[in-house]
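In UniProt numbering, the protein residues as written are 1 to 319.
Backbone N, C-alpha and C fix where the C-beta goes; we use that ideal spot for every residue, glycine too.
Below you'll find the structure, written out as structure tokens, and then a few comments.
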Ligand code: AVJ
């Protein structure tokens, strides 16, 4: 079998159709909202990489600390021969796991970005010529057809991206992952943890304004892809902690009453002065809440590891 396969499960126009549907639905409901997946065009992906290096943005460093310390235990517990990484991006985090899995046969990176997948796969194959890489261009929150590969399998979903999903979306997602696991398979899940509001808000509203630029970039995506005329300068970046839902919310707040035309949708949207467009939630978890959500999906939390400061956690769950 060729060491590198790439399967596109997204039709070529899927992204465009999904963006149109999300913008039409999100901007005609109240409060207005857009899904965070649209942050990640080339510019948004660059800004996110910059965010991961910010002093205030601790999750990436905290998760890397756990992976460095625990990859041996994770590998021993899972014995995975196939590693499936959802939202793999650059696969930088995964190297620690790949290096710790001596019997690994197949790596299945899954991402909506074909360019990120191809780049990461080429780099990995250069380092591990014996590895079989089957990249999937797919949206892991939708139906996911995994390729045949030797078990046991370890599905890996890192970064805390689970927190971008609303509770009911998380339940659906975890159930869909469970449906693809056989006895002996596992799920390795990264979750950011509840902590003091000041630390959380600073991580999403850094002093240098990189997160503000990342947030506003979604307006540039809609402007470019759908012929809209959002004035980014008339929106302010807002990051707030919602203590009831225990999630960070990022919003773009209209500085004045304004009208936005979205040509491709033949849509005109009014913003009142001070009106918010919600662009992301980033839910924060506790061990017991993760145990409960996994259990509701038919998964058992076997291992819970945090960084030394207890900021972030990796969970290993089995069916
Ligand atoms: C990549 C979704 C995990 O929610 O912390 C970073 C995205 N948003 N700064 C997160 C993000 C603002 C990040 N995830």
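query	result
Start and end residues, beta strand (DSSP E) containing residue 278	276-283
Cβ-heavy atom distance, residue 169 to the ligand PLP, below 8 Å	With respect to the ligand PLP, the structure offers nothing, as its ligand set consists of the ligand AVJ.
beta-carbon residue 214 near the ligand AVJ non-hydrogen atom, thresh 8 Å	yes
Residue 16, enclosing alpha helix (DSSP H) - first and last residue	14-27
Residues sharing a beta bridge with residue 38, DSSP	According to DSSP, which records beta bridges pairwise, residue 38 is partnered with nothing at all.
Of the listed residues 106, 23, 81, 221, nearest to residue 42 (C-alpha basis)	221
DSSP three-state assignment for residue 59, whether helix, strand or coil	helix
Straight-line gap, residue 316 to residue 164 (C-alpha atoms, nearest Å)	20 Å
Assigned secondary structure, residue 8 (DSSP; H/G/I helix, E/B strand, else coil)	strand
Contact between the stretch 114-130 and the stretch 140-158 (3+ Cβ pairs under 8 Å)	no
Contiguous beta strand (DSSP E) assignments of at least 3 residues, all confined to the stretch 199-287	235-242, 247-254, 258-262, 267-271, 276-283
Host beta strand (DSSP E) of residue 140 (start-end)	No beta strand (DSSP E) contains residue 140, which DSSP labels as neither H nor E.
Assumed close pair residue 283, residue 246 - CB separation to whole angstroms, cut-off 8 Å	7 Å
Outcome for residue 30 when other beta-carbon atoms lying within 10 angstroms are tallied against a minimum of 16	exposed
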